[in-house]
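Heads up: the sequence shown begins at 4 in full-length UniProt numbering, then just goes up one per residue. As structure tokens, the structure follows; a few thoughts come after it.
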Amino acid sequence: DRSIKIAPSILSADFANFGAEIRAIEAQGADWVHVDVMDGHFVPNLTFGPPAVAAFRPHVTTVMDVHLMIAPVDPYIAAFAEAGADIITAHVEAGPHAHRTMQAIRAHGVKAGVALNPGTPVEAVDYLLDMVDMVCVMTVNPGFGGQKFIHSQIEKVRRLRAMIGDRPIHIEIDGGVTVDTAPLVVAAGADVLVAGSAVFKGGSVDNPMPYGDNIRAI
Ligand code: DX5
Ligand code: ZN
């Protein structure tokens with residue numbers, strides 16, 4: 004279904020070849036490019052800071068979707084906006100002031116997303132829905148690629164879609180998206196699917212065709 008956007012996560016790319024990997028996934032049909040920022044504190048892994056994200060920017064011709072798994076998050080919003088993010092998603096669990104965080108993202112002229120960990124009830128974003136462009140439902144506990152999809156989150160997606168009503172808000176799914184799990188979340192109301200291992204498996208910058216096959220299969 005081509006109204007569904009596929010956002011490959013470069014967490015599963017070759018870390019020595021980000022520019023080429025981004026160009027390869029876009030050439031193979033990626034709709035967005037998903038960038039996972041981890042701080043070793045909010046999640047038990049470390050990835051990229053603002054200078055790396057700024058270096059990715061010129062290679063992205065679609066949408067650079069920056070997922071911040073960091074706490075505190077507010078002190079870094081300006082830097083990720085200046086690095087060229089099109090969408091910045093922050094976690095509702097990242098601090099006591101998610102409302103202020105969403106205001107700060109939009110004040111920089113960037114689209115705002117709010118993410119929910121698997122254990123967080125959907126009601127946590129109720130009073131944020133009038134100030135976001137996207138809600139990201141984590142279908143794994145964030146920190147690593149290649150984990151198993153948590154099926155209890157399908158019900159959360161369904162409830163979120165009903166809460167959103169006719170507001171123009173994307174529902175993004177992040178974690179464990181495969182050819183088997185993608186149809187389940189799309190049926191529940193999701194329209195943006197992040198996929199790391201399921202997109203990059205079997206391919207490389209020298210052999211990028213599997214990326215396209217994997218994207219089309221999802
Ligand atoms: C997990 C990240 C995801 C991850 C998805 O903390 O936010 O974006 O890269 O990887 P897969 O698709 O392999 O579960
Ligand atoms: Zn992510």
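Each residue gets a CB set at the ideal place from its N, CA and C atoms; glycine is no exception. If you're wondering where the values come from, they're calculated on a predicted model, not measured in any experiment.
Using a Cβ-based criterion (distance less than 8 Å to any ligand heavy atom), does residue i qualify as near the ligand ZN?
i, result
"PRO121", "no"
"ASP89", "no"
"PRO145", "yes"
"VAL197", "yes"
"HIS173", "no"
With distances taken between CB atoms, is the gap from residue i to residue j smaller than 9 Å?
i, j, result
"ALA74", "PHE51", "no"
"VAL143", "GLY178", "yes"
"PRO121", "GLN156", "yes"
"LEU132", "ARG170", "yes"
"ILE25", "VAL63", "yes"
"PRO211", "ALA27", "yes"
Can you give the Cα-Cα distance for residue i and residue j, rounded to whole angstroms?
i, j, result
"ALA84", "ASP42", "17 Å"
"PHE21", "VAL36", "11 Å"
"residue 2", "LYS159", "A question about residue 2 goes unanswered here, because the residues of the chain that appear run from 4 up to 221."
"GLY199", "PHE147", "10 Å"
"ALA101", "ALA118", "10 Å"
"ALA107", "ASP77", "8 Å"
"GLY87", "MET105", "17 Å"
"ALA165", "ILE221", "24 Å"
"ALA30", "ASN217", "13 Å"
"ARG60", "VAL140", "25 Å"
"ALA201", "PRO11", "9 Å"
"PHE203", "ARG103", "36 Å"
Measuring from the CB of residue i, is there a heavy atom of the ligand DX5 at a distance below 8 Å?
i, result
"GLY206", "no"
"LEU14", "yes"
"PHE45", "no"
"SER200", "yes"
"VAL189", "no"
"GLY149", "yes"
"PRO186", "no"
"HIS94", "no"
Skipping 5 residues on each side, what residues in its chain have a beta carbon closer than 8 Å to that of residue i?
i, result
"VAL40", "THR50, PHE51, GLY52, VAL56, VAL69, HIS70, LEU71, MET72, ILE73 and PHE83"
"MET137", "ILE90, THR92, LYS114, ALA115, GLY116, VAL117, ILE172, HIS173, ILE174, GLU175 and VAL195"
"GLY112", "ALA84"
So residue i and residue j are in contact, right, with Cβ under 8 Å, and what is the actual spacing, rounded?
i, j, result
"VAL128", "VAL95", "6 Å"
"ILE9", "VAL38", "So it is not a contact: roughly 15 Å between Cβ atoms."
"VAL208", "ASP17", "6 Å"
For residue i, which residues from the same chain have a beta carbon less than 7 Å from its beta carbon, with the 5 sequence-adjacent residues on both sides left out?
i, result
"THR123", "VAL95 and GLU96"
"ALA23", "VAL208"
"PRO54", "none"
"ASN48", "MET41, GLY146 and PHE147"
Output needed for residue i: all residues of its chain with C-beta closer than 6 Å, excluding positions within five of it in sequence on either side, in chain order.
i, result
"PHE152", "THR142, GLY179 and THR184"
"GLY205", "PRO213"
"ALA191", "ILE157, VAL160 and ARG161"
Under 8 Å: does the beta carbon of residue i sit that close to some heavy atom of the ligand FMN?
i, result
"ASP39", "In terms of ligand content, the structure shown lacks the ligand FMN and carries the ligand DX5 and the ligand ZN instead."
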